[in-house]
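Each remark here refers to the structure printed beneath this line.
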Amino acid sequence: MLCIIPDSVSSKMFVVRAFNHHKTMLYSFYLLIICILLYVFISLGAYHVDAKEKKLPTGSGTTKVNQDIYKRKSPLENEPPEAQAMQGRVNMHVFEDCCGGSLDQLKNNLLYPLFPNVRTTVSRLAVSPQSSNYGLRIFGYLHPSETEEFIFAVASDDNSEFWLSLNENPENLQLLAYVGETGNEWTAPGEYWKFASQISKPILLVKDMKYFFEVVLKQNDGIDHLEIAWSLNHDNGTFSVITSEFLSLYEDESSLQMGNIEHIPQTKASYDRLLEPIPLSPHPVGENIGEDPRDHIYKYKMLDESYLKDVFPQCHYKPSYILAEQIGRYQGVNLIHFSSVYPNDYTRQTHGLDDVMCFYTQDPSFQADKGLAAYLTEVEDPDAQKIDTGEGPFWQRVYDVKPLNAASKQTTVVANSCRTAGNIVMSQDHAMHIVRAFLKALRSREETRDYSLLRVVNVVRREDKGVGSRYLVELELVGPHGQKVLVSRYVYALTEESSEQMFLCSPKAFNWNPSATVHIIVAVKDQARWIIQFIREMEKVYRATGDKNFNVIIIDYNSSDMDIEKRLKKAKLPSYKFKRMEGNFQRSAGLQAGIDLVEDEHSILFLCDLHLYYPVNIINSIRRHCIEGKMVYAPVVLRLDCGASPRAPNGLWEIAGYGLMGIYKSDMDRIGGMNTREFTDKWGGEDWELLDRVLGNGLEVERLHLRNFFHQFHSKRGMWVNNNPG
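Converting from the sequence shown to my numbering requires adding 25 to each position, the first position being numbered 1.
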């Protein structure tokens, strides 16, 4: 049924509806006003109560406190119990025996960043240990109390850096502020405005997040200090030191042995620079770490030995300096002569504070009263006006000079008296005379007739004055089909042979074995960081060369700071042997215990030390210079100065030391092994005593300075007890 509503009634209903809608909107508006007022009153009340609890981060007594960094509640209080146990402190690692003021000197240190002397913690980012010649690495987490933009500042003596991650991940570190780069820059405590680099750009940090940070300091001498401070971006540059309520540990190291290093972070700020061989640079710090083909000689493919059969006729070889009887105690060091090399291997130390004059004073033409000026000969210049008043400067004087190849004038006397001299260098004329005679003999054979010289890799000469000279000749050759090979052979030349009729022969039973197993032997006690570094050095050699014919032997006097055998099992080495000994450390007895573990008498023993950086060609070098029944190898190591490193080597060659020696097991057994009877509770002198017996039993000693072979500087602190002379 259709219902029709009159127009008048419809109009009245519309008016009522409109009135009710207007009334509803009015009530809603009043309700909204009331809600807003309630919210404002509640917020003001909460702010008033909270303001009473506001605290400022504690700053140093002499630093203006930042009035705008507030904490409603410690940012660490909401952490779980296990995290709260880590709060209030950060990790600090101390690297002692490290000279210089630049961070490069710290970061290039052989033990940085994994092997500090001390692992401890600190409760705020302001320290002054009052020591010298050290480096610090401080790392952990930063917990901001507010979501705000912060500005960071650093002050230190000497150089320092402050790094901060974008989150808790150490991989996201960014360098925010630093003091200096050269080691000469420093600031007073709290002096944040000396260098522009000391103050960071604003960084947004979020409350309830944690941020990994790292601080690195290098101290030389003077008043040592380090401060890391912060302020809010709107605080007009006033800073307060970051204190415990905003800090937490990266790792609790209190129960870890020093041998546990897996937890230590490696970051952009602190990574292991020396895990790989020294990287080549277009402008190396010193020529002694520049490119040299001898460094990579293990990469060369050897010429088939059958091609060399009967190339050189055999000849009797017994140098006049070979002894047939025992000599007096510690007389052997006076009987050692150095071999010479070609090409120049730049083992001479030329980058010290001064190039020692003793190198030049051995030159027969050197005149002590004139010094180096004696090498200059003045030339008359008729076109120049000469005004000689007897006083300099003499701007228009010109001179003539003869080429001075001081390296080729070295002798064993120079090497012994001048510990910066490095290897004696043969003249090019002499070396190439031998090379030409060597190539002439090769080309006389059908198998090697078409081989030509590509490069002279290495020539080593041991002279027997008045009789002849023995040579190790190593040449890179290219074959008829473009194949590259290395020939490495000992030859002998008589002195009386004229330059036109050089005759080379093969010294009888004087050949090196390219596949001989080399056993690297070391005795240790409670030196976890050095032991791990030694193992890593051996891993480096194996990784670079792939040489499976070497073995690591560690004799441990019951070390308590690490499980050495466990670490060896994890190591990437071709093989190893481990033996635990009881009692006090004894170097001679420990090395002998390692020798006794070697069963193959036709393998090579290399007696060594812990504190060494090894060149990657060390195994090949030992093999080439050890001849069974004939010769042992005593390479000279460069003892680095405090603050020097393998990347920037500075120091003196350890001429007097013979503790590093390669010798065949059969020869070691024949001469009686290590002297464990006399050298029981002491060491120092056992190397000279061993050298006496080596020479007294008719063996000769190859003595060369070995490139990239370094003894890291260390003090006696933390070394083995007893009578160790250092």
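Each residue gets a CB set at the ideal place from its N, CA and C atoms; glycine is no exception.
Those residues which DSSP pairs with residue i across a bridge
i, result
"Met327", "Leu511"
"Met656", "Ile652, Glu725"
"Trp678", "Leu663"
"Glu186", "Tyr203, Val241"
"Lys602", "Ile578"
"Cys530", "Tyr517"
"Cys340", "Pro532"
"Ala254", "Ala178, Val266"
"Thr402", "Asp425"
"Ser222", "In the DSSP output, where bridge partners are listed per residue, Ser222 has none listed."
"Asp489", "Gly493"
"Gly357", "Answer is none; Gly357 lacks a bridge partner."
"Gly396", "Gln392"
"Gly687", "Phe631, Tyr658"
"Gly165", "Phe238, Leu274"
"Asn116", "Thr146, Phe164"
"Arg480", "Glu501"
"Phe759", "Nothing about residue 759 can be reported from this structure: the residues present for the chain run from 26 to 751 only."
"His362", "Note: His362 sits in no beta bridge, so no partner."
Cβ-Cβ separation, residue j to residue i (assumed contact under 8 Å), whole Å
i, j, result
"Leu274", "Val115", "6 Å"
"Ser646", "Arg486", "Ser646 to Arg486, Cβ: 17 Å. No contact."
"Arg373", "Thr445", "7 Å"
"Leu200", "Ile228", "Between Ile228 and Leu200 the Cβ distance is about 12 Å, and since that is not below 8 Å, they are no contact."
"Asn245", "Gly125", "6 Å"
"Ser670", "Leu128", "Actually they do not touch by this definition, with Cβ atoms about 12 Å apart."
Pair within 8 Å by beta-carbon distance, residue i and residue j
i, j, result
"Val641", "Thr570", "yes"
"Phe738", "Asp122", "yes"
"Ser170", "Lys232", "yes"
"Gly165", "Phe120", "no"
"Val657", "Met686", "yes"
"Met111", "Thr145", "no"
"Ala614", "Thr705", "yes"
"Trp537", "His636", "no"
"Glu254", "Ser222", "As written in the sequence, residue 254 is Ala, which differs from the Glu given in the question. No, the Cβ-Cβ distance between Ala254 and Ser222 is not below 8 Å."
"Val484", "Leu467", "no"
"Lys604", "Ile643", "no"
"Val566", "Ala659", "no"
"Cys340", "Ser531", "yes"
"Val450", "Asn369", "yes"
"Ile163", "Val143", "no"
"Met234", "Asn197", "no"
"Glu564", "Lys597", "yes"
"Ile352", "Leu139", "no"
"Glu186", "Val241", "yes"
"Ile629", "Tyr582", "no"
"Tyr385", "Thr402", "no"
"His376", "Asn675", "yes"
Close-in-space but distant-in-sequence residues of the same chain around residue i (CB under 8 Å, 5 per side omitted)
i, result
"Val482", "Pro318, Arg319, Ile322, Tyr325, Glu499, Leu500, Glu501, Leu511"
"Ser691", "Glu626, His627, Glu653, Gly654"
"Gln392", "Ala399"
"Arg480", "Pro318, Leu500, Glu501"
"Gly504", "Asp475, Tyr476, Val510"
"Asp634", "Val547, Gly684, Leu685, His736"
"Phe177", "Phe187, Leu189, Leu201, Ala202, Ile224, Ser225, Ile228, Ile253, Ala254, Trp255"
Own chain residues within Cβ distance below 6 Å of residue i, not counting five before or after
i, result
"Pro173", "Contrary to the premise, residue 173 reads as Glu rather than Pro in this sequence. The residues are Leu257."
"Pro290", "Pro195"
"Gln130", "Gly668"
"Pro19", "Within the shown structure, residues of the chain are numbered from 26 to 751, placing residue 19 beyond reach of any answer."
"Ser740", "Asp122"
"Gly396", "none"
Close beta carbons around residue i, own chain, < 7 Å, minus the five adjacent residues each side
i, result
"Glu350", "Gly721"
"Ile347", "Gly723, Glu725"
"Asp429", "According to the sequence provided, residue 429 is Leu. The question's Asp does not apply to it. Cβ neighbours of Leu429 beyond the five flanking positions: Tyr400."
Cutoff 8 Å: residue i Cβ touching any chain D Cβ
i, result
"Gln356", "The structure shown contains no chain D; it is built from a single protein chain."
With three or more C-beta pairs closer than 8 Å as the rule, is the segment 713 to 722 touching the segment 350 to 358? In short, these stretches touch, since the Cβ pair count reaches three.
Would you say the segment 607 to 620 touches the segment 540 to 547, given that touching needs at least three Cβ pairs under 8 Å? yes
Between the segment 635 to 651 and the segment 527 to 543, do at least 3 Cβ pairs fall closer than 8 Å? yes
Give a yes or no on contact between the segment 135 to 153 and the segment 262 to 273, applying the rule of three or more CB pairs nearer than 8 Å. yes
Is there contact here, the segment 172 to 184 with the segment 201 to 216, by at least three beta-carbon pairs under 8 Å? yes
Under 8 Å: do the segment 581 to 588 and the segment 550 to 565 share three or more Cβ pairs, one atom per stretch? The answer is yes - the segment 550 to 565 touches the segment 581 to 588, with three or more Cβ pairs under 8 Å.
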